[in-house]
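Structure record follows, encoded as structure tokens.
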Amino acid sequence: MSANSVNRRRILSLWLPRLPIDRIKRKLAQDIASQAEPREVAGLPLPLAGEGWGSGLATNDALRRERAPTRNASGDALRPPPQAGEAKKEPRFSQAELPSVVVAKDHNAILLHSIDEAAVRAGLSIGLPLANARAICPELTVYDADPAADLKTLNDIADWCDRFTPLVALDPPYGLFLDITGCAHLFGGERALLQIVTNALSRRGFAVSAAISGTSIAARTLTRYSSGQIVADGAEAAAVGPLPVSALGADAAVTIGLRRAGLKTIGDVAARAPHEISARFGADFTTLLNHALGRGDAPISPRKPLPDYIVEKRFPEPIATDTVIALTLSSLAKMLVAAMDRQGKGARQLEASFFRTDGAVRAIMVETGRPVTRPEMIDRLFRERLDALNDPLDPGFGFDLIRLAAGRTEIVVQQQRDLDTTVHDNDEISALIDRIAARIGGKRVVVHLPLESHIPERAALALPAQQHLAAASAAAWPERVTGEPPLRPLRLFERPEPIKVPFASVPDGPPHQFTWRRALHAVVRVEGPERIAMEWWKQDGAALTRDYFRVEDAEGQRFWIFRDGLYESELRDEEGRPVPANWYVHGLFA
């Protein structure tokens, strides 16, 4: 189907307020489950806890956990020992219900960054100093914050949300925006889609709040204080009016200022004249307020560009065999080609996404040098890519969705193919390059184009062959003079390699012998010098003039060597005395 359908805008906002502590608990559950046998219900294996989203750590090799003693050490020193017959005080929490918190350092103070439900019941709150939290609840398990791992988990969840819509944007620090315009009916409507997303996240151990509205700011505002609300177009002002001003997510100074002015709810602020609010709190806050009230909206920034064409297949039962996966890709390729053919287009960039049942997503991308219009070519490219993966495609407990998208397409230009053999040759070369690039990577298959520069290492430019094959075919290189030896070597080193020259006939003359790669070469024939000055307008005068020589040793090997710098004018020490030049080998002749 084409991804260009336009309807009234609908935004689904997700907010995961306890993402750091939920991620850590999933990691601990995964470590425990990895040591146990896989569970089975009704003969079908279920995903182990912790698989999929945020299963690993981004910056730390292991969780750093600090568990406080069950009694306060400072109080134990003053408390008298228990007397005979005194009843032992039972702990407030069982081992499974110990409160857990994530702490972060802020201005040399260790504050609570994220807390779980047990910590909330114990009377703790985000922003509380750790020392105060220990005084309130000694039975506390403390973890260090890891923002990089939290961001990775949020991106993993965003990848999973791609199954609902290709327009998924991050709402830092722990939120997501899903543009579900025109696609909610595929999942039974907006209410059913909201339930599917929230239930899936809840089953995986994440606390989540969600809301749907016509603007992203209104939806985000609703998620801060309630979950499950669906606001119709034009009803945003009535929905967010009773909420406190802190739900807008404005700066703390703005929120405090509004409360001091007696404006406690968003409706109170909306009742004031816009110029009064702008004069006191700035135009940015006024814009934020208008967006929350449904009076316009700021565009979201999707993580990935919207593909030109998308086809997908959902499975009632997960699939895991290579044969079924290959057949699915083949059928999707036929559907994609049929959709593009109706508009006379071919794919230049293709991406296959595999959605696992545990939430993990694997995406594989291939590029082509020319627009692809044949499904068998798409099938072959993905087979080459899958066979060459260093990390094989792991279906886990199976894929429940496979998607094929054309990220970039071009109009197919019809060419004469019956009599012109050049067209057939170009097609075969382009197809060969595509297959090699799919196996080893597009950046490793290059063509060289001439560049107008007299500097040897800059006279040619290496570019990816898939994008510049036509330009390389039509490029004009300098013609070789018949009967004359080549001026440039067949093999040019990317970086000149130093050689040792004991002495030369004259300061500006060629060497009689030199040592390269621990081998001594006696020079028997010399051609040159060819003086090449550096591009002074680019080098700021730092580069030296080179004198190149074509030399041949006693064994018949021919080298292209140069002396870096002129003896008297450029090579001088701090006292102004001439110093010996450095010699380099830059290439080898055939």
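The numbering of the sequence shown is our numbering, which starts it at 851 and goes up by one.
C-beta: ideal position from N, C-alpha, C; glycine also.
Quick caveat: nothing in here was measured; it's all calculated off a predicted structure.
Cβ neighbours of V1174 in the same chain (closer than 8 Å, five flanking residues each side left out)
The same chain holds no residue with a CB closer than 8 Å to that of V1174 once the five nearest residues on each side in sequence are set aside.
Inspect the beta-carbon positions of S1118 and V1095 and report whether they are closer than 9 Å.
One point to set straight first is that residue 1118 is Asp, not Ser, in the sequence displayed. Contact flag set, yes.
Using DSSP with H/G/I as helix, E/B as strand and the rest coil, what is V1174?
In the structure shown, V1174 falls within a helical segment according to DSSP collapsed to helix, strand and coil.
A1142: CB within 8 Å of a non-hydrogen atom of the ligand FMN:
Although the ligand FMN was asked about, the structure shown includes no ligands whatsoever.
Would you mind working out which of T1003, A1142 and I861 sits nearest T1445, comparing C-alpha positions?
The structure shown has nothing for residue 1445, since the chain only spans 851 to 1440.
With 16 other Cβ atoms within 10 Å as the buried cut-off, status of A1003:
The sequence given here has Thr at residue 1003, not Ala. With 16 or more other Cβ atoms within 10 Å, it is buried.
Sequence-distant residues of the same chain with beta carbon closer than 6 Å to P1348, five excluded per side:
The answer, listed in chain order, is Y1434.
Under a three-way DSSP split, which group does S1128 fall into?
Helix.
For the candidate residues N982, V970 and G973, whose alpha-carbon lies nearest to that of L961?
Closest in C-alpha terms to L961, from the list N982, V970 and G973, comes N982.
Tell whether a beta-carbon distance below 9 Å holds between F1232 and A1288.
One thing to note: F1232 has its Cβ within 9 Å of the Cβ of A1288.
Distance, F1343 Cα to Q1407 Cα
Each residue's CA atom was taken as its position, placing Q1407 and F1343 some 16 Å apart.
Limits of the alpha helix (DSSP H) - the one that Q1363 falls within:
From DSSP, Q1363 is part of no alpha helix (DSSP H) but of the beta strand (DSSP E) over Q1363 to W1366.
Just grab the DSSP bridge partners of W1433 for me.
Within the DSSP secondary-structure output, W1433 pairs in a beta bridge with I1349 and R1413.
Outcome for E1217 when other beta-carbon atoms lying within 10 angstroms are tallied against a minimum of 16
Classification of E1217: buried, given that the 10 Å Cβ count is 16 or more.
From which residue to which residue does the beta strand (DSSP E) around W865 run?
It spans I861 to W865 - the beta strand (DSSP E) in which W865 sits, taken as one unbroken run.
Residue burial classification, F1409 (beta-carbon count within 10 angstroms, cutoff 16):
Sixteen is the threshold: when 16 or more other Cβ atoms of the shown chains lie within 10 Å of the Cβ of F1409, as they do, the residue is buried.
Rounded to whole angstroms, what's the CA-CA distance from A1321 to I1283? Just pull it up for me.
Going by the C-alpha atoms only, they are around 15 Å apart.
I965 bridges to which residues according to DSSP?
Looking at the DSSP output, I965 sits in a beta bridge with V951.
Assign V952 to buried or exposed, taking buried as 16 or more other Cβ atoms, counted over all protein chains shown, within 10 Å of its Cβ.
It is buried - the Cβ of V952 has at least 16 other Cβ atoms within 10 Å.
Taking only three categories from DSSP, how would you classify F1232?
For F1232, the three-state secondary structure derived from DSSP is helix.
DSSP beta-bridge partners for A1060?
L864, per the DSSP bridge assignment.
Can you give me the Cβ contacts of V1295 inside the same chain, cut-off strictly under 8 Å, excluding the 5 residues immediately before and after it?
Residues of the same chain with a CB within less than 8 Å of the CB of V1295, apart from the 5 flanking positions on each side, are I1283, I1286, A1287, P1314, A1315 and Q1316 in chain order.
With a 10 Å radius around its C-beta and 16 neighbouring C-beta atoms as the bar for buried, classify P897 as buried or exposed.
With a pLDDT of 41 at P897, under the threshold of 50, the predicted position of this residue should be treated as unreliable, and no value is reported.
Please list the terminal residues of the continuous alpha helix (DSSP H) segment that includes E1040.
Per DSSP, the continuous alpha helix (DSSP H) segment holding E1040 begins and ends at E1040 to R1053.
By how many angstroms is the C-alpha of P1022 removed from the C-alpha of Q1193?
C-alpha of Q1193 to C-alpha of P1022: approximately 39 Å in a straight line.
Going straight from the alpha carbon of L1138 to that of G1099, what length do you get?
The straight-line gap from Cα to Cα measures roughly 9 Å.
Measuring CB to CB, does L1036 end up less than 9 Å from I1062?
At least 9 Å separates the beta-carbon of L1036 from that of I1062.
Assigned secondary structure, E1385 (DSSP; H/G/I helix, E/B strand, else coil):
It is coil, neither helix nor strand.
For E1086, the first and last residue of its enclosing alpha helix (DSSP H)
Here the alpha helix (DSSP H) through E1086 covers E1086 to V1090.
How big is the Cα-Cα spacing for L1182 and T1115?
Per the coordinates, the alpha-carbon of L1182 lies some 51 Å from the alpha-carbon of T1115.
Compute the Euclidean distance between the alpha carbons of I882 and R1054, then round it to the nearest angstrom.
Take the alpha-carbon of I882 and the one of R1054: they are about 15 Å apart.
From E1201 to K1154, what does the alpha carbon distance come to, in whole angstroms?
Between the C-alpha atoms of E1201 and K1154 there is a straight-line separation of about 12 Å.
Cβ contact (3+ pairs, closer than 8 Å) linking the region 865-877 and the region 963-970
Cβ pair count under 8 Å is three or more, so yes.
Any 3 or more C-beta pairs closer than 8 Å across the region 1394-1403 and the region 1352-1371
The region 1394-1403 vs the region 1352-1371: in contact.
Presumed contact (8 Å Cβ cut-off) between T1223 and V1262, rounded CB distance:
The Cβ separation is near 6 Å, so the contact holds.
Touch test, the region 1104-1113 against the region 1083-1090, Cβ-Cβ under 8 Å, three pairs minimum
Cβ pair count under 8 Å is below three, so no.
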